[in-house]
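In mature numbering (1 follows the signal peptide of the UniProt record, and there is no 0), the protein residues as written are -23 to -1, 1 to 717.
Where is the CB? At the ideal position from N, CA and C, for every residue including glycine.
Here the structure is a predicted model, which is why all the values come from computation and not from measurement.
Notes to accompany the following structure.
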Amino acid sequence: MSFLSLVLCLVAVALHSSNPVTGSCSTRRAACFNGGTCVDVKPNGFKCVCKQGFTGQNCKKSVNPTAIKKCPRLTIKNGSVRLIKSPGGLRASFSCDQGYKINGATLKICTRGVWYNRQKLTCRPKKNIQKRCTGFSTRLYRGSVRVKKQTRYLAELVYRCRSGYSLIGDAIRKCNNGQWNSVLKPYCIKAKKCKKLRKPRNGKIFGGTFPGSLVRFFCDNGYEIKGFNQSKCLLKTGKWDNPVPKCEKIDPLRDLRKAANSLRRHFINKYELLTTDSRARAGLSSGAAGLDLVFVFDSSASVGQDNFKKGIEFARTIISEFGVSNSTSGTRVAVVVFSSTAEVIYNLQTKKIVDQKAAINTLKNLKLRGKGTATKLALDTVIKEVVPERRNNSKKALFLITDGESNTGRDPARPAKVLRGVYDFEIYAIGVTLRRVNVGELRDIASEPFRTHVYLLKDFQSLETLKDLITKPKGSNFSDCGIAGDTRLRERSDQGVLAGRQDSEQGAWPWMAAIYVRDKYRCTGVLLAEGWVLAVAHCFENDVNVKGPDVLVVLGEHDRTFIEGSEQYIRVEKIRKHKRYPKAKPDYDLVLLKLQNKAKLSTYVRTICLPRMSDRIVIRPNGVGVIAGWGSAQNANGRPAFKILAQTRANFISRQACQRQVPHAISNKMICAVNRQVTKIDCSGDFGSPIVVHRSHRQDWALAGFAIKGGGCVYKGKTGVFSNLLTSQYIRWIERRVTT
């Protein structure tokens, strides 16, 4: 080999060597390629640290990915390892379970299949640092303290007062590891006896008069307690916390009167305004939708002919209230009788009943069929034969009268759900003979709320009494606020649609008011009192020189494009905006509308309750609210509002969480709501819609707020912002101006 060849060979070996090269990183800036890092090496040299996938002295040579070594798997006992990818390699972060602590560094880095920082990490149990029990005394003024147990870290004390004194606080205090189960120290006060209570008339009393003692009250047979059934002698005052109750005679017809009032209020009063054939048609608007009424009678053997006739008589009573005719806006009746089979005796168009007299006479001739109870077959027959003959815009109600649960065929819940959800039937169920009735099955069939759609009677004689009570003079009271109709929230939940916009049922939210300015729809309001409507002030911001008579409020509205017979049209006398709007907007975005005439309260027109401070328990993070309305015609994108009253659910969130999701400031006069399960929906008309909450302890609904401009839409990833009606300034402003 020549000398020149030897030199060239040595140079080639040097170029491919990983040893440092002479020079420095500052003088050889372009020495490392493909993202390699230049590192100075003493005394006078440098080398390249290559990224994963490259090698060689200058990091020019690529490496087959399959040849790259994988990082070995790491584990740690009583702990966990979290792997993090980074440009410098794979990082492992170590953590220990509760009660353990790590010894050593919590981070390791893997490069080219090798973990650096090879120190073995372990999770060791934390040492228990015990605290001594201190801060107690073995003396008690007017009493004594007995030390039952005492060590450095445990203690148990028993407190007792002298005769004539009562102990305030826990009689036994325990300490474990420096923590006492009771922070307040017991003390003794002079015992005050309570005066002896008299027994209630027609009742009894049991208990003593010593401080802290409890007495209970009982009534004789045939009587019931009106008031509290117990009273306690208070230690500090020596007085009873509750007065003596009264024992009143039980009304044998009480439950039937309650059922009769409920049926008249939630069935007869609800539908008599929607048919021109009813006795009580008051002409609240120029049209009526008509009523398709379906009766489904249980004709099984267990009913018996006499009881079957009582069921027929009950139906005749209902028909006499609504009337029957062939009018397009009147009442039409269908009758289905079932046992093991089902048959349509009279239908809505074919085999129809032409008038009320014919209906009553033909019902007399119905005969008992006997055999089993096929409730599902009866409802399937309604879907197959009666539903095709219904009118498109009519209101539809179905009455089921049965004496027991279905024992032939399958579960009737499915066809009932189809009738409720697809064909808009409101279903009422009467179960007679409590021993045989399946309450759960009736609830699966009936509409909600169950308290107004499911009725349980002891026997068929009670059904006859119920019929007589219904026909007595009427006097329904609709003054209670916040009483909703059939909200259909159960159907929305069954379909998995918790907050997606859905059309509401007529009468579901009877406090809603559609507001028109110069015959053009503007926004949604709520009826606070018979003569007052509350809405958002920005409802009128695009209208110039608006005065009271320019504004029309429509109550009992549902479909704005169709007259259904429940509407009331009332002009506004005065418009009272909050004096701080619009200077302080979006806060104080409220307006009160004084009506020229008071509203006539009915099933379709009721007032909403104002919130109380105690309602904070329902207007809280994760609490549920319902947004309802036709939206607003004042939205910026110019899209139209909704034709039919819409409803959607939402969950409240904290103000801090809301502030992270909206661009503007969230004041203490605002609340926020969101739904995390529904994808984006059209929110063009939600500005100004009210949000209400259900108060389960009062069985009513209260107004929580109104959607501020630009903030009324809720869906996954979008937060709705509302005015907070729980704000004391808002409540005072409303109560000072609203007169009932």
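Close beta carbons around residue i, own chain, < 6 Å, minus the five adjacent residues each side
{"i": "N158", "result": "K151"}
{"i": "P598", "result": "F629, I630 and S631"}
{"i": "K329", "result": "none"}
{"i": "A292", "result": "F272"}
{"i": "F427", "result": "R420"}
{"i": "H555", "result": "Y565 and L567"}
{"i": "E418", "result": "E382"}
Contacts around residue i, its chain only, beta-carbon distance under 7 Å, and the 5 residues preceding and following it disregarded
{"i": "A513", "result": "Looking at the sequence shown, residue 513 is not Ala but Val. Result list for V513: C500, D566, L567, V568, G665 and F683, in chain order."}
{"i": "V26", "result": "G13, T14 and V16"}
{"i": "P49", "result": "W92"}
{"i": "R387", "result": "K353"}
{"i": "I360", "result": "P392, V395 and L396"}
{"i": "D536", "result": "K620 and I621"}
{"i": "K176", "result": "I182"}
{"i": "S470", "result": "For S470, the pLDDT reaches just 43, beneath the cut-off of 50, and the residue's location in the model is therefore unreliable, leaving the point undetermined."}
{"i": "S(-19)", "result": "At S(-19) the pLDDT is 49, less than 50, meaning the model places this residue with poor confidence; the figure from the coordinates comes in the next sentence. If we look at S(-19) and ignore the five residues flanking it on each side, it has no Cβ neighbours."}
{"i": "R193", "result": "F183, G184, N206 and Q207"}
{"i": "I422", "result": "L377, P389, A390, A393, I404 and A406"}
{"i": "K348", "result": "S277, A278, S316 and S317"}
Beta-bridge pairing of residue i - partner residues as DSSP gives them
{"i": "T14", "result": "V26"}
{"i": "F274", "result": "V314 and I378"}
{"i": "S72", "result": "S57"}
{"i": "W509", "result": "A506 and K571"}
{"i": "S143", "result": "I166"}
{"i": "I552", "result": "L570"}
{"i": "H671", "result": "W678"}
{"i": "T501", "result": "A491"}
{"i": "L84", "result": "S70"}
{"i": "Q479", "result": "Q624"}
{"i": "residue 771", "result": "Summary: the structure shown does not reach residue 771, with the chain confined to residues -23 through 717, and so no result is reported for it."}
Counted within 10 angstroms of its Cβ, other Cβ atoms place residue i as buried (16 or more) or exposed
{"i": "S190", "result": "exposed"}
{"i": "I594", "result": "exposed"}
{"i": "K62", "result": "exposed"}
{"i": "T43", "result": "Residue placement at T43 is poorly supported in this model, since its pLDDT is 45, which falls under 50; the coordinates are not used for a value here."}
{"i": "G76", "result": "exposed"}
{"i": "K85", "result": "buried"}
{"i": "L161", "result": "exposed"}
{"i": "T115", "result": "exposed"}
{"i": "M647", "result": "buried"}
{"i": "T429", "result": "buried"}
{"i": "K47", "result": "exposed"}
{"i": "K524", "result": "exposed"}
{"i": "I149", "result": "exposed"}
As assigned by DSSP and simplified to three states, the class of residue i
{"i": "K104", "result": "coil"}
{"i": "P392", "result": "helix"}
{"i": "I708", "result": "helix"}
{"i": "D527", "result": "helix"}
{"i": "V603", "result": "strand"}
{"i": "V698", "result": "strand"}
{"i": "A148", "result": "coil"}
{"i": "E441", "result": "helix"}
{"i": "N154", "result": "coil"}
{"i": "S591", "result": "helix"}
{"i": "K344", "result": "coil"}
{"i": "A650", "result": "strand"}
{"i": "T52", "result": "coil"}
Proximity test, Cβ basis, 8 Å: residue i and chain C
{"i": "Y77", "result": "Although the question refers to chain C, the structure presented lacks it and comprises just one protein chain."}
Among the options, nearest to residue i - alpha-carbon criterion
{"i": "S208", "options": "R234, R241 and C171", "result": "C171"}
{"i": "R59", "options": "K47, G66 and S72", "result": "S72"}
{"i": "E290", "options": "R175, L343 and G146", "result": "L343"}
{"i": "I53", "options": "N80, I407 and K103", "result": "N80"}
{"i": "V301", "options": "L270, D283, K328 and A8", "result": "L270"}
{"i": "K169", "options": "K372, C210, G349 and C635", "result": "C210"}
{"i": "N246", "options": "I295, S277 and V528", "result": "I295"}
{"i": "K173", "options": "N179, F187 and W509", "result": "F187"}
{"i": "D197", "options": "R178, K334 and T214", "result": "R178"}
{"i": "L375", "options": "N324, K348, I337 and T410", "result": "N324"}
{"i": "Q545", "options": "H515, A491, K125 and K524", "result": "A491"}
{"i": "C2", "options": "K577, H515, K24 and E541", "result": "K24"}
{"i": "T379", "options": "V331, K125 and T350", "result": "T350"}
{"i": "A69", "options": "K78, C87 and A8", "result": "C87"}
Beta-carbon contacts of residue i that lie in its chain and below 8 Å, excluding the five residues immediately before and after
{"i": "A627", "result": "A476, V601, G602, V603, I604, A650, V651, N652, I668, V691 and G697"}
{"i": "V639", "result": "C649, G688, T696 and V698"}
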